[in-house]
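Each residue of the sequence shown is one higher than the one before, counting from 578 in the numbering used here.
The C-beta atom is built at its ideal place from N, Cα and C for all residues, glycine as well.
In what follows, a single structure is set out as structure tokens and then discussed.
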Amino acid sequence: MTWYEILVIVLAAMFVIGVCVYSFVRKKKGKGGCDCCSDCAHCAHCATEEKKKNL
């Protein structure tokens, strides 16, 4: 393997780890995966927020 192949593998791994960390942090903050939260019936976050508003 040459140095640029190793660099590509390392960068790809860092990208995947970054996406996983970003997703985990958003989940811990209570944000859903869609960012719409208006009329999204399939979004669990939107349904939870709607229940809170109706109480």
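- Going by C-alpha positions, L588 is about 20 Å away from F601.
- Here the alpha carbons of Y599 and F592 stand approximately 10 Å from one another.
- In this structure, DSSP gives M578 a state outside helix and strand, which the three-state scheme calls coil.
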